[in-house]
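S.K.: Residue numbers (our numbering), protein chains in the order written: chain P, -7 to 242; chain Z, -7 to 242. Ideal placement from N, C-alpha and C gives every residue a C-beta, glycine not left out.
There are 2 protein chains.
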Amino acid sequence: METVEEKNINDFETLETISVDCVIFGYDDNKLKALVRRETVPYNGEIHLEWKLPGNHVRRDETIDATASRILKEQTGLENIYVKQFMVFSNPNRLRLREQDFVWVKPRLRDERVITVGFYSLINVSDVDNSMLIEDAKWENAYEIKELMFDHNEIYDEAFKKLRYDLLHEPLVFELLPEKFTLTQMQKLYEAIFNTTYDKRNFRRKVNKMPYLIPLDEIQSGVSHKPARLYSYDRDIYEKTRTERFDFRM
Amino acid sequence: METVEEKNINDFETLETISVDCVIFGYDDNKLKALVRRETVPYNGEIHLEWKLPGNHVRRDETIDATASRILKEQTGLENIYVKQFMVFSNPNRLRLREQDFVWVKPRLRDERVITVGFYSLINVSDVDNSMLIEDAKWENAYEIKELMFDHNEIYDEAFKKLRYDLLHEPLVFELLPEKFTLTQMQKLYEAIFNTTYDKRNFRRKVNKMPYLIPLDEIQSGVSHKPARLYSYDRDIYEKTRTERFDFRM
DNA sequence: ATAAAAATGTGTTTTTTTTACACTAAGCTC
DNA sequence: GAGCTTAGTGTAAAAAAAACACATTTTTAT
């Protein structure tokens, strides 16, 4: 993925003590997934296969949000993706929590610290051209993430926690859904994220109060049952009607 | 405040491209306040007085949370204070948004970027020994913060927004209150933060549902009216009874 | 064409939570 | 002890949340 030339360019342009790691969430097959990528790590004379979160260093001229968007582009081919920083990880030993990971760190950085900013991002998996997905990347069930390098399990857990938290206050589900979707798809997504089930009638009553959820004059096609109505999300209406509900409710 | 010797030590030990800026909130005189500090900036042949948020660089061996705690100690003399990171500010031009600020930046850093991690912290102002408060620090009404250097107004606004957001989900008020407090003090604090008023009976009904709010067998003293019952916060009970209410409520 | 299968779409009742609202009680000061 | 100041308390109405079941529409198989 990273060619030697790219590495050299990066070496020159990046702030090496600051990186960005991304937890990329996607929704597919009624399940919430996250993207992990494989690295080959020579250790003890053997090649180990280890998994990590996609990440990269911050370039001299970009904000960290731009770094995150760049990582998204590299990993999925997609642009204009929702990315959100959620936490900085700054344990001075974070790269050497496990001996076998540390050999992976570029020698030049072994005496340095790398502080990383955790981002999560939300994509609609059906937008991803799988040929764009790099060979060493893999979608994992969000509830069954394996052991990752460095402190990446901690980063992942915090990302997932933050995602659930944010989902209750912002219309983030729509970032994970296709442009046109049914209410059942939307409900199943909530259920996948919160690992529970909801009553269909109550769910619909609730989401029908969202003024930015637009029913379309269009129905599902290609399904072998009664086709459902399609809906879309209107971001402008959300922006206009959002009232900062930062109130202590009585 | 910073002596020359301290500066030299810091130069040696810190990661200069990463800093921490703290918005220190305190509650006093029924008002929510924030701490700002004055800097003298020579510009255009004159000495300008400018205000900024307290901040510092990250030392080589400490986490950013430790940096924030260190800043708190320096500014207020207090230890074991609640600090919380809320956002990274990484605009490459963030130190040169205003010409008069940029001359304040150490010459060595002018060709560098400094990425800063924003923290907010909550203290009980009555704990602060005002002789510990450094000369150039000042408490400002949280709703009337003046123009600050660099991007510090942006940092401040995000901190305040995040504080209100977090206050709805975590028992942070108790960090701002003295160890023993009355329900009226607690209510006035909520009112100061959310800039509103609540009905006394409804407020009490609501907070009385918090199992970690402990009524004491003790009443207020030194007031010229009926003394109120004192309450305290039991963090252990909170930890034990907290149910991650990360649920999409139906 | 008809029956079976699969998912859509809809209403009511009960319970819980939120809101609005006003007076008496207790201690302090003069 | 009169007056001041804040503490402390209950009820009714409205709104929101929860629990719960069946008829409808389309496709597919026979």
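Which same chain residues end up closer than 7 angstroms to residue 45/P when comparing Cβ atoms and leaving out the 5 residues on each side of it in sequence?
M.R.: Translated into positions along the first sequence, residue 45/P becomes position 53. Cβ neighbours of residue 45/P beyond the five flanking positions: 13, 14, 15, 28, 140, 144, 147, 148.
S.K.: Starting from residue 79/P, trace the beta strand (DSSP E) both ways and give me its first and last residue.
M.R.: The residue you call residue 79/P lines up with position 87 of the first sequence. Element bounds for residue 79/P: 74 to 81.
S.K.: Please state if the CB of residue 56/Z and the CB of residue 75/P are separated by a distance shorter than 7 angstroms.
M.R.: Residue mapping note: residue 75/P aligns to position 83 of the first sequence, counting from 1. Residue mapping note: residue 56/Z aligns to position 64 of the second sequence, counting from 1. No, these two residues do not count as a Cβ contact at 7 angstroms.
S.K.: So which residues of chain P does residue 79/Z contact, with C-beta pairs closer than 8 angstroms?
M.R.: Residue mapping note: residue 79/Z aligns to position 87 of the second sequence, counting from 1. Correct list: 77.
S.K.: Please report the straight-line C-alpha distance between residue 228/P and residue 204/P, rounded to a whole angstrom.
M.R.: Along the first sequence, one-based indexing puts residue 228/P at 236. Along the first sequence, one-based indexing puts residue 204/P at 212. Rounded to the nearest angstrom, the two C-alpha atoms are 8 angstroms apart.
S.K.: Enumerate in chain order the residues of its own chain whose CB-to-CB distance from residue 121/Z is below 8 angstroms, with the five nearest sequence positions on each side excluded.
M.R.: Looking up residue 121/Z in the second sequence gives position 129. Hits under 8 angstroms: 69.
S.K.: Indicate the three-state DSSP secondary structure (helix, strand or coil) for residue 145/P in the structure shown.
M.R.: The residue labelled residue 145/P in the question sits at position 153 within the first sequence. Here residue 145/P sits in helix by DSSP.
S.K.: What does a CB cutoff of less than 7 angstroms around residue 230/Z pick up in its chain, not counting 5 residues either side in sequence?
M.R.: In the second sequence, the residue the question calls residue 230/Z occupies position 238. Counting only Cβ-Cβ distances below 7 angstroms, and skipping sequence neighbours, we find 163, 204.
S.K.: Can a CB atom of chain P be found closer than 7 angstroms to the CB of residue 137/Z?
M.R.: Numbered from 1 along the second sequence, position 145 holds the residue referred to as residue 137/Z. No, its Cβ sits nowhere closer than 7 angstroms to a Cβ of chain P.
S.K.: Output yes if chain P places a C-beta closer than 7 angstroms to the C-beta of residue 53/Z; else output no.
M.R.: As a working note, residue 53/Z is residue 61 in the second sequence. Taking Cβ atoms only, chain P reaches closer than 7 angstroms to residue 53/Z, which makes this a yes.
S.K.: Measuring only the C-alpha atoms, how far is residue 255/Z from residue 137/Z?
M.R.: One cannot answer for residue 255/Z here, as it falls past the ends of chain Z, which runs -7 to 242.
S.K.: Using a Cβ-Cβ cut-off of 7 angstroms, state whether residue 223/Z counts as contacting chain P.
M.R.: Indexing the second sequence from 1 puts residue 223/Z at position 231. By this cut-off, residue 223/Z is not an interface position.
S.K.: Beta-carbon separation of residue 199/P and residue 181/P under 7 angstroms?
M.R.: As a working mapping, residue 199/P is identified with position 207 in the first sequence. As a working mapping, residue 181/P is identified with position 189 in the first sequence. No, they are not a contact pair.
S.K.: Do you know offhand how far residue 35/Z's Cα is from residue 103/P's?
M.R.: Taking the first residue of the second sequence as position 1, residue 35/Z is located at position 43. Taking the first residue of the first sequence as position 1, residue 103/P is located at position 111. When rounded, the distance between both Cα atoms is 39 angstroms.
S.K.: Residues of chain Z with CB under 8 angstroms from residue 7/P, in chain order?
M.R.: Taking the first residue of the first sequence as position 1, residue 7/P is located at position 15. What residue 7/P touches in chain Z: 9, 105, 107.
S.K.: Between the Cα of residue 168/Z and those of 133/Z, 47/Z, 196/Z, 114/Z, spot the shortest distance and give me the residue it belongs to.
M.R.: Here residue 168/Z is taken as the residue at index 176 of the second sequence, counted from 1. Selection 133/Z, 47/Z, 196/Z, 114/Z evaluated against residue 168/Z yields 114/Z as nearest (Cα-Cα).
S.K.: Answer with yes or no whether the minimum CB distance from residue 182/P to chain Z is below 7 angstroms.
M.R.: Numbered from 1 along the first sequence, position 190 holds the residue referred to as residue 182/P. At least one C-beta of chain Z is nearer than 7 angstroms to the C-beta of residue 182/P.
S.K.: Using DSSP with H/G/I as helix, E/B as strand and the rest coil, what is residue 209/Z?
M.R.: As a first step, residue 209/Z is located in the second sequence; it is residue number 217 there, counting from the start. Reduced to three states, the DSSP call for residue 209/Z is strand.
S.K.: Anything in chain P within Cβ reach of residue 206/Z, meaning under 9 angstroms, just list it in chain order.
M.R.: Walking along the second sequence from the start, residue 206/Z turns up at place 214. Chain P residues near residue 206/Z: none, gap ~20 angstroms exceeds 9 angstroms.
S.K.: Between which two residues does the alpha helix (DSSP H) holding residue 186/P run?
M.R.: The residue given as residue 186/P occupies position 194 in the first sequence. Where residue 186/P is concerned, the enclosing alpha helix (DSSP H) stretches over 175 to 186.
S.K.: Tell me, to the nearest whole angstrom, how far the beta carbon of residue 24/P is from that of residue 17/P; I am working on the premise that it is less than 8 angstroms.
M.R.: As a working mapping, residue 24/P is identified with position 32 in the first sequence. As a working mapping, residue 17/P is identified with position 25 in the first sequence. With a Cβ gap of about 6 angstroms, residue 24/P and residue 17/P count as contacting.
S.K.: Strictly below 8 angstroms CB to CB, what residues from chain Z border residue 56/P?
M.R.: Your numbering for residue 56/P matches position 64 in the first sequence. Here the neighbours are 80, 82, 107.
S.K.: For a test of the three-state rule: what should DSSP assign to residue 220/P, helix, strand or coil?
M.R.: As a working mapping, residue 220/P is identified with position 228 in the first sequence. Coil.
S.K.: Please tell me whether residue 173/Z has its Cβ less than 7 angstroms away from any Cβ of chain P.
M.R.: For the purposes of this step, residue 173/Z is identified with residue 181 of the second sequence, where counting begins at 1. The beta-carbon of residue 173/Z is placed no less than 7 angstroms from the nearest beta-carbon of chain P.
S.K.: Using the Cα positions of residue 48/P and residue 159/P, report the straight-line distance between them to the nearest angstrom.
M.R.: Along the first sequence, one-based indexing puts residue 48/P at 56. Along the first sequence, one-based indexing puts residue 159/P at 167. Approximately 26 angstroms between the Cα atoms of the pair.
S.K.: For the beta strand (DSSP E) containing residue 118/Z, list its first residue and its last residue.
M.R.: Within the second sequence, the letter at position 126 stands for residue 118/Z. Run containing residue 118/Z: none; DSSP gives neither H nor E here.
S.K.: Buried or exposed: which applies to residue 109/Z, given that a residue is buried once 16 or more other Cβ atoms fall within 10 Å of its Cβ?
M.R.: For the purposes of this step, residue 109/Z is taken as residue 117 along the second sequence, with counting starting at 1. Flag for residue 109/Z reads buried.
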